[in-house]
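For the record, the sequence lines run as chains P and G. In terms of full-length UniProt numbering, the first sequence opens at residue 1 and continues consecutively. In terms of full-length UniProt numbering, the second sequence opens at residue 1 and continues consecutively. Since the structure comes first, as structure tokens, the remarks are kept for the end.
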Amino acid sequence: MTSTLEESDKEKVRSVSVDLNNDTSLIIDIPDALCERDKVKFTVHTKTTLNTFQKPEFSVPRQHEDFNWLHDTLVETEDYAGLIIPPAPPKPDFESPREKMHKLGEGEATMTREEYTKMKQELEAEYLAVFKKTVQVHEIFLQRLSSHPVLSKDRNFQIFLEYDQDLSVRRKNAKEMFGGFFKNMVKTADEVIISGIKEVDDFFEQEKTFLLDYFSKIKDSTAKAEKMTYSHKNVSDDYIHISATLNSIAADDSTDLKKHLEKFADLLEKLRKVEARVASDQELKLTELLRYYMRDIQAAKDLLYRRARALANYENANKALDKARLKSKDVAQAEEHQKQCLQKFDKLSESGKKELTSFKGRRVVAFRKNLIEMAELEIKHAKNNMSLLQGCIELINTN
Amino acid sequence: MAASSERSPPPFPDSEDQELEPDFDNEDSDEGADIFTGSTMADSKMDPPLPTSTDKLPNDLFSDSTPEPLSDPLSDASNKTESETASKLSPDITEVELASDEPTADLLNEPVGESTDEPNIYSNSASVTALIEEPLDNPTEKEPLDKPTEKEPLDNPPEKEPLDNPTEEVPLDNPTEEVPLDNPTEEVPLDNPTEKVPLDNPTEKEPLDNPTEKEPLDNPTEEEPLDNPTEEEPLDKSTEEPLGTEISKPEEEIVISEPVSAISEPLKSADEEPQKDIVEESHKEVTEEPPSKVQSDTATKPSTDLFGDSPDDDDDLFKEPLGAMAKKPQSSIFSEPQVDIFAEAKGDVVSKPQNEQPKDVPTDIFTEEALIPVINTATKPSVSASSKTNGVHSDEEEQDIFAEATVELSLDSPRKERKKQDVAKPSASAPSISVTPSTSKPQPKTLEELEEEESEDKFELNISVTNPEKVGDGMNAYMAYKVSTQTTMPMFRNKTFTVRRRFSDFLGLYEKLSEKHSQNGYIVPPPPEKSILGMTKVKVGKEDPSSAEFVERRRAALERYLQRVVSHPSLLQDPDVREFLERDELPRAVSTQALSGAGFLKMINKATDAVSKMTIKMNESDIWFEEKLQEVESEDQQLRKLHAMVDSLVNHRKELSVNTAVFAKSVAMLGSSEDNTALSRALSQLAEVEDKIEQLHAEQASNDFFIFAELLADYIRLLGAVRASFDQRMKTWQRWQDAQNMLQRKRETEAKLLWANKPDKLQQAKDEIAEWEAKVTQYERDFERVSATVRKEVIRFEKEKARDFKKNIMKYLESLLRSQQQLIKYWEAFLPEAKAIA
């Protein structure tokens with residue numbers, strides 16, 4: 001189970017990062033990770049031919065907070081305003097399996113030993129899957145950076161990869177946390193303000209509408225897909241209990257029924273494994289895809305916001321220039337500012353256009369790949385189920 | 001069986017000696033059941049020793065009866081062998097027999113002349129008697145003493161008893177079982193020598209008895225009144241109980257055991273024949289022979305034995321005046337009995353002394369356990385004479401005799417049990433052992449066979465419940481269902497017919513069936529529960545999916561309910577079932593309202609039942625029931641758990657279906673927002689696929705529910721019915737026990753009355769005892785019958801369950817298979833769409 005999870009995770013990695021150019025000059029992966037309580041320590045391994053690095057190959061220990069720091073510094077870098085900054089990996093979330101494990105412990109008395117063991121195994125597998133997924137998401141973040149022509153040359157990124165000591169990134173203190181929250185508020189308010197500004201470029205106008213609409217839709221779909229896979233998981237968990245209870249009934253039975261019940265229980269146990277695979281594959285191929293692109297679209301929206309902000313700044317600079325000309329005062333300074341704003345805006349528009357176009361292509365390809373894979377997996381599992389069922393029906397019939 | 005054994009013992013325990021005989025009683029009751037079925041031989045053997053006391057009359061009867069029965073079922077040779085075996089066995093018994101032998105010799109000689117069927121036996125007996133007579137002479141004086149001693153030895157060495165018994169009674173038993181006969185033949189030679197040995201024993205025991213003798217001497221006059229009540233008791237028992245119980249029991253036993261058919265016939269024939277013979281003989285004896293024999297032989301030795309025994313026993317056991325019978329009484333009795341016998345023959349009331357004899361004997365018998373049957377037989381003839389007081393022996397006597405014969409059979413069983421215990425003695429133990437396994441194991445097999453026959457005999461009968469229709473409006477509205485029957489069974493007027501029934505009609509059918517059949521231990525399939533909430537929704541709501549589901553669920557449950565009813569061979573024969581299926585208009589079922597007066601009463605009954613269930617501690621004699629009940633209870637728990645699990649599966653799958661539908665909608669929206677046409681198209685295709693999958697999940701959820709969960713719910717209800725049948729069995733057991741306790745109390749009162757010497761109230765006490773004895777027999781029979789039914793029903797239920805589960809599991813698997821096939825189809829259709837994304 002775990003090995004297969006790994007495989008599918010890797011497939012997914014490739015499918016999500018399908019747009020990454022096959023540049024071998026900088027190859028990054030996370031071969032190992034250590035989970036200590038809430039903290040996860042990733043081993044980031046880099047192999048490179050670039051001479052900006054001191055060594056061709058090196059590994060460094062990194063924590064989730066370090067990834068967040070890298071993401072934030074990238075976002076705050078003015079030069080990258082025109083780029084879609086790859087979304088930061090989500091915080092490792094072991095709450096759900098942990099909570100389930102706790103519940104399981106509470107319900108231990110109501111279950112048979114066999115049932116409990118299976119449930120525990122199931123939860124451990126789930127925990128492991130979450131862990132692996134977390135590692136993958138962090139890996140993808142780095143891989144997207146490394147495959148980006150501009151971001152791969154970022155100094156901070158290179159330090160992140162190379163510095164063999166603990167980065168010991170300061171955790172955000174309460175003030176900064178609040179500041180970040182305040183910044184978001186301002187940004188949201190700002191978005192509303194600048195939304196009144198007339199768009200000068202149809203492309204961005206369209207992109208904006210599309211992304212806003214698409215974001216809300218994909219957010220909804222993600223939530224619904226999560227629910228769906230979750231209830232699918234419940235169904236497969238039910239199979240465990242039913243199978244265990246059938247087994248204990250069969251143990252008490254002394255008639256011909258015993259064999260049938262045992263076969264039935266056995267079958268349900270197998271079906272449950274397949275159903276669990278169906279659920280986890282749906283999770284990986286569908287829910288994760290949607291979730292990732294939801295965050296990616298958020299990043300694209302951020303790009304649009306930065307461009308819109310730049311546009312607003314340019315508009316303001318124009319107004320200031322007009323005013324200065326009217327007053328014939330500080331005209332040169334205003335002209336200079338207006339020019340800078342225009343330059344910045346143009347630059348943003350240009351790179352933004354490129355980024356958004358590539359994002360669109362990347363998204364379509366990722367969807368295609370994932371949907372094909374999901375359909376294939378669904379077929380595979382259904383066929384598997386079918387042959388299990390047919391085998392069991394024949395077994396019972398021949399008896 | 002247990003009942004019969006217990007029946008006999010009760011007299012003893014009451015007044016007599018719990019000191020000496022409690023063990024016996026226990027043994028009787030416990031063992032009786034098992035032994036009964038298989039080991040008639042042992043029983044018969046046991047009986048003979050008993051007769052010793054009563055021997056004179058009984059012996060004649062036995063000898064007469066035995067030859068005939070033997071001859072019928074088996075061959076003459078077998079009879080001889082039997083007699084031989086009896087004689088062989090007797091040696092062990094010698095102590096008892098010695099006393100008995102003498103009388104037997106007398107009796108035998110006479111009967112021999114009459115029957116002349118079994119010279120060997122007679123000769124043996126004669127020789128025995130001869131041998132015995134010598135020792136007897138000594139014993140005669142001491143004999144009364146011996147009997148008590150004998151009782152003690154008997155307890156310790158149960159072996160002796162069985163062995164002894166066979167001598168006289170063996171022939172009767174043998175006919176039923178062939179195996180025992182063989183053993184006896186081998187042993188025959190041994191018997192003669194052995195007889196001598198036993199003689200010694202009695203002498204040893206005799207001294208003990210002496211003290212008792214002294215006491216009884218004074219009471220001779222008292223004995224007569226005492227005897228009367230005792231006489232009546234045996235008579236009643238023999239007439240009422242034996243007839244019903246014995247006859248019925250053999251049949252049941254026969255049914256249970258494989259060899260039954262063969263055995264049953266012999267038993268019956270034996271019973272019948274002996275009766276006639278006995279009657280005839282008894283008449284003859286009473287009229288002609290008894291006097292001479294009694295006067296001559298019995299007067300001296302046998303009488304002493306019998307009387308002596310009885311008095312001793314009485315004294316010991318009853319501690320009452322009965323003891324008066326001792327030596328002095330003996331002499332008087334001897335003279336009296338003779339006279340009495342004559343009188344009896346004549347129909348005079350003088351029979352009392354005779355009665356005394358039987359009474360005494362029974363007490364002895366009881367103490368000895370084995371003696372009982374003989375006593376009964378002995379008592380019966382005398383009793384019949386006495387009871388009638390007129391010369392009219394014919395009808396009543398026959399009955400009595402009959403009863404006696406039957407009684408012997410029943411009594412035998414306990415003895416057999418003892419024999420089993422005593423395995424030490426080969427002759428007795430061998431037959432009993434051989435018999436017992438056959439009886440115990442064959443039972444289930446035969447039941448199954450019977451069942452299979454029944455199921456194979458089934459005619460085609462298809463019942464369907466369809467077209468639920470709402471009739472009426474508002475709160476008075478109800479659902480009517482079309483009940484269609486299609487059958488080839490001749491008991492129905494038509495091949496196909498249809499009636500309309502409402503839910504309460506189904507409940508009414510159940511009430512009727514349950515009233516009639518559940519008390520007999522049948523498992524009456526329970527109908528689906530009333531659901532006020534569900535029905536109210538149907539009544540009020542219009543076209544709401546949940547009420548549609550409710551109606552469908554109920555329709556399916558009613559259909560399964562009816563199918564279960566008609567698949568039950570006994571219930572199908574019930575006129576109410578036929579009426580329900582055929583009759584156009586059914587009278588409105590009453591008392592099906594959940595909280596009506598009748599419903600309230602039912603609730604109270606259930607509550608009291610639950611309380612009594614808690615309080616009744618059943619001393620389970622049959623481990624099968626105990627194990628089954630435990631199985632049923634644990635299965636009930638497991639099924640409930642499984643049902644909860646499947647219910648949660650149903651809910652989760654419904655949830656999955658809903659969530660899939662929501663996701664499908666969401667993806668459709670996403671597809672509409674997608675600006676890449678191919679991707680947009682693929683997403684809307686995905687939405688369609690998810691929509692279909694949602695349907696699949698919904699269907700599967702309803703399959704989970706209707707095929708799997710409802711099956712479990714049905715069986716949880718059915719297991720309730722199974723437990724009810726076990727409860728019913730326990731209730732009948734309790735009733736039997738209560739009756740036995742009551743009988744015990746009545747006997748104690750009688751004993752007290754005897755002590756107090758209140759003859760006026762004695763008669764009433766005797767009547768009551770007779771009444772309660774009859775009840776005990778009846779209840780015991782009920783219990784046996786209910787037990788057999790429950791056993792059969794449970795086996796049938798298990799078969800049905802296995803079949804039902806298998807069928808439904810297959811159905812369920814197929815439904816899963818279908819949905820997986822659909823799934824494959826849907827995703828395969830989607831795959832090219834995904835690939836078409838450019």
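Ideal Cβ positions, reconstructed from N, Cα and C, are used throughout, including at glycine. Source: prediction; values computed, not measured.
Check, Outcome
"Close-in-space but distant-in-sequence residues of the same chain around residue 252 of chain G (CB under 8 Å, 5 per side omitted)", "At residue 252 of chain G, the pLDDT of 39 sits below 50, so the modelled position is not reliable and the matter cannot be decided from this model."
"Beta carbon of residue 519 of chain G nearer than 8 Å to that of residue 728 of chain G", "yes"
"Coil, strand or helix - residue 553 of chain G by DSSP", "helix"
"Below-8 Å beta-carbon distance, residue 831 of chain G vs any chain P residue", "yes"
"Exposure of residue 774 of chain G, with buried meaning 16 or more beta-carbon neighbours within 10 Å", "buried"
"Nearest neighbour of residue 414 of chain P, chosen from P/124, P/118, P/81 and P/117 [CA to CA]", "There is no way to answer for residue 414 of chain P, as the model of chain P reaches only from 1 to 399."
"Within-8 Å CB hit, residue 567 of chain G to chain P", "no"
"Inter-residue Cα distance where the pair is residue 555 of chain G and residue 828 of chain G", "38 Å"
"Cβ-Cβ distance between residue 685 of chain G and residue 506 of chain G below 8 Å", "no"
"Inter-residue spacing [alpha-carbon to alpha-carbon] between residue 771 of chain G and residue 730 of chain G", "23 Å"
"Interface residues of chain G facing residue 231 of chain P [CB-CB closer than 7 Å]", "652, 655, 656 and 659"
"Within chain G, the residues that residue 100 of chain P reaches when beta carbons sit closer than 7 Å", "By Cβ distance, chain G contributes nothing, its closest Cβ being about 15 Å from residue 100 of chain P, past 7 Å."
"CB contact check: residue 824 of chain G to chain P, cutoff 8 Å", "yes"
"Under 8 Å between C-beta atoms of residue 707 of chain G and residue 812 of chain G", "yes"
"Euclidean distance between Cα positions of residue 806 of chain G and residue 363 of chain P", "51 Å"
"Beta-ladder partner(s) of residue 779 of chain G, from DSSP", "DSSP, once it has assigned bridges, lists no residue as partnering residue 779 of chain G."
"Short CB-CB distance (under 8 Å) between residue 130 of chain P and chain G", "no"
"Under 8 Å between C-beta atoms of residue 235 of chain P and residue 652 of chain G", "yes"
"Span of the alpha helix (DSSP H) around residue 28 of chain P", "Looking at the DSSP string, residue 28 of chain P is not in any alpha helix (DSSP H); the run it does join, the beta strand (DSSP E), is 26-36."
"Between the CA atoms of residue 271 of chain P and residue 558 of chain G - distance to the nearest angstrom", "32 Å"
"DSSP three-state assignment for residue 461 of chain G, whether helix, strand or coil", "strand"
"CB contact below 8 Å: residue 636 of chain G versus chain P", "no"
"Whole-angstrom C-beta distance between residue 43 of chain P and residue 28 of chain P, which should lie under 8 Å", "Residue 28 of chain P to residue 43 of chain P, Cβ: 11 Å. No contact."
"Beta-carbon gap between residue 30 of chain P and residue 148 of chain P smaller than 8 Å", "no"
"Proximal chain G residues relative to residue 298 of chain P, where beta-carbon distance stays under 8 Å", "Chain G residues near residue 298 of chain P: none, gap ~16 Å exceeds 8 Å."
"Residue 484 of chain G - DSSP class collapsed to helix/strand/coil", "strand"
"Residues near residue 717 of chain G in its chain [Cβ-Cβ closer than 6 Å; skip 5 each side]", "526"
"Nearest-angstrom Cα separation, counted from residue 246 of chain P out to residue 110 of chain P", "15 Å"
"Inter-residue Cα distance where the pair is residue 647 of chain G and residue 641 of chain G", "10 Å"
"Three CB pairs or more closer than 8 Å across the segment 141-159 of chain P and the segment 277-285 of chain P", "no"
"CB contact check: residue 797 of chain G to chain P, cutoff 8 Å", "no"
"Interfacial residues, the segment 379-398 of chain P to chain G, with Cβ spacing under 8 Å", "379, 382, 383, 385, 386, 389, 390, 392, 393, 396 and 397"
"Sub-8 Å separation of residue 367 of chain P and residue 837 of chain G beta-carbons", "yes"
"Per-residue contacts from residue 225 of chain P into chain G (C-beta, under 7 Å)", "663"
"Contact set between the segment 232-255 of chain P and chain G, restricted to residues whose Cβ is under 7 Å from the partner", "232, 234, 235, 238, 241, 242, 245, 246, 248, 249, 252 and 255"
"Chain P contact for residue 465 of chain G (CB, 8 Å cutoff)", "no"
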